[in-house]
Amino acid sequence: MGRIAIVTGGTRGIGAAISQKLQAMGMTVVANYAGNDEKAKAFEAATGIRAVKWDVGDHAACLAGCAQVEAEIGPIDVLVNNAGITRDATLLKMTYDMWDEVMRINLGGCFNMAKAVFPGMRERGWGRIVNIGSINGQGGQYGQVNYAAAKSGIHGFTKALAQEGAKFGVTVNALAPGYIDTDMVAAVPEDVLAKIVAKVPVGRLGQADEIARGVAFLCGEDAGFVTGSTLSINGGQHMY
Ligand code: CAA
-7 MGRIAIVTGG
3 TRGIGAAISQ
13 KLQAMGMTVV
23 ANYAGNDEKA
33 KAFEAATGIR
43 AVKWDVGDHA
53 ACLAGCAQVE
63 AEIGPIDVLV
73 NNAGITRDAT
83 LLKMTYDMWD
93 EVMRINLGGC
103 FNMAKAVFPG
113 MRERGWGRIV
123 NIGSINGQGG
133 QYGQVNYAAA
143 KSGIHGFTKA
153 LAQEGAKFGV
163 TVNALAPGYI
173 DTDMVAAVPE
183 DVLAKIVAKV
193 PVGRLGQADE
203 IARGVAFLCG
213 EDAGFVTGST
223 LSINGGQHMY
């Protein structure tokens, strides 16, 4: 069956790998993005995946954007809440804006997008929502009270919404990546990153495609009994 999927932050990094993996599964994929028009255009040209622009932290924009996608393409069956930013600093140096921006986009984005697509999934009796959490939402991370709180919030959001969707064929799961070879991780100071990687039992950064494989599993037609779970893909860095 030709499912329709939307992936937020879907034109770069982990999101781009997810968009392409879902497309390879036979889904019609729409990739949301917020900032980088040039990369989005290049992604669209290379993959044939339509890129749509809005800020997932903007509630009204999510409702309007998803309504437009549904009017033009069809009902959204699969939502991957992947869009996320970092504004790392110790609490002493973190401003309120750094806190607010991360909460608004990383956690608020999940609420905004779910509000847009969950009612339709519930009515139609089928849906898949995958929220990208983080190892740092599970275990915390020095310099990330904003990001860790937002990602930890995503894990709670997932378990609550999973209970609301279960009777209606809508599964809601989280995937918690470890340190993946993306622009976001490349922004971590080199010496700090080297110390982090030294603690990864597998001994390397993960690849975006290794996350996309997990998302594909959670979005599968045959994954209907998997809900409210957190799939950790982190090279063994965090095991509880
Ligand atoms: N544990 C304990 N102490 C630490 C520490 C740690 N993990 N990291 C830094 N410190 C200490 C330093 O040793 C230093 O102590 P001294 O002053 O006594 O020497 C002090 O904290 C200040 O450190 P910095 O000089 O690094 O301070 P800074 O203000 O320049 O930067 C920081 C702080 C922003 C947190 C920086 O260290 C940093 O960027 N760390 C990486 C944070 C990180 O891992 N982010 C993940 C981004 S990727 C992502 O989030 C994706 C995902 O989901 C996994």
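If you count the sequence shown from 1, position 163 lands on 155 in the numbering used here, and the numbers rise without skipping.
Think of the CB as a built atom: it goes at the ideal place given N, C-alpha and C, for glycine as much as any other residue.
Per-residue DSSP class, three states only, for R120: strand
Simplified DSSP assignment, three categories, for K151: helix
Candidates G198, T163 and D183: closest to P169 by CA position: G198
Which residues DSSP lists as bridging S224, in chain order: A168
The segment 84 to 96 touching the segment 106 to 120, judged by at least three CB pairs closer than 8 Å: Taking a cut-off of 8 Å on C-beta distances, the segment 84 to 96 does not touch the segment 106 to 120, as fewer than three cross pairs fall below it.
Buried versus exposed call for R196 [16 or more other C-beta atoms within 10 Å across all chains shown]: exposed
Within the segment 34 to 67, ranges of the alpha helix (DSSP H) (whole runs, at least 4 residues): 51 to 64
Span separating the alpha-carbon of K13 from that of M231: 26 Å
Short Cβ contact (8 Å threshold) for T163 with T219: yes
N74, DSSP secondary structure in three states: coil
Contact test: T78 Cβ vs the ligand CAA heavy atom, cutoff 7 Å: yes
Heavy atom of the ligand CAA within 7 Å of I(-2) beta-carbon: Because no heavy atom of the ligand CAA lies under 7 Å away, the Cβ of I(-2) does not count as near it: no.
DSSP three-state assignment for G135, whether helix, strand or coil: coil
First and last residue of the uninterrupted alpha helix (DSSP H) at V194: No alpha helix (DSSP H) holds V194; DSSP gives it neither H nor E.
Beta-carbon separation (whole angstroms), I203 vs I172, contact threshold 8 Å: 6 Å between Cβ atoms; contact.
Burial state of V234, where buried means 16 or more other Cβ atoms lie within 10 Å: What the structure shows of the chain is the stretch from -7 to 232, and residue 234 is not part of that stretch, so it cannot be assessed.
Three-state secondary structure assigned by DSSP to Y88: Note: Y88 maps to helix in three-state DSSP.
Neighbour flag for A142 against chain D, beta carbons, 8 Å: In the structure shown, chain D does not exist; there is a single protein chain.
Three-state secondary structure (DSSP) of A26: coil
Backbone CA spacing between G76 and S126 [nearest angstrom]: 10 Å
I121 Cβ short of 7 Å to the ligand CAA heavy atom set: no
Touch test, the segment 31 to 39 against the segment 92 to 102, Cβ-Cβ under 8 Å, three pairs minimum: No, the segment 31 to 39 is not in contact with the segment 92 to 102.
For Y139 and V184, believed in contact at Cβ under 8 Å, the rounded distance: Actually they do not touch by this definition, with Cβ atoms about 14 Å apart.
For V(-1), the nearest candidate out of A16, Y25, M17 and G18 (CA to CA): For the residues A16, Y25, M17 and G18, the minimum Cα distance to V(-1) belongs to Y25.
Buried or exposed by the 16-neighbour rule on C-beta atoms within 10 Å, applied to Q130: buried
Proximity below 8 Å, CB of I(-4) to CB of V207: No, the Cβ-Cβ distance between I(-4) and V207 is not below 8 Å.
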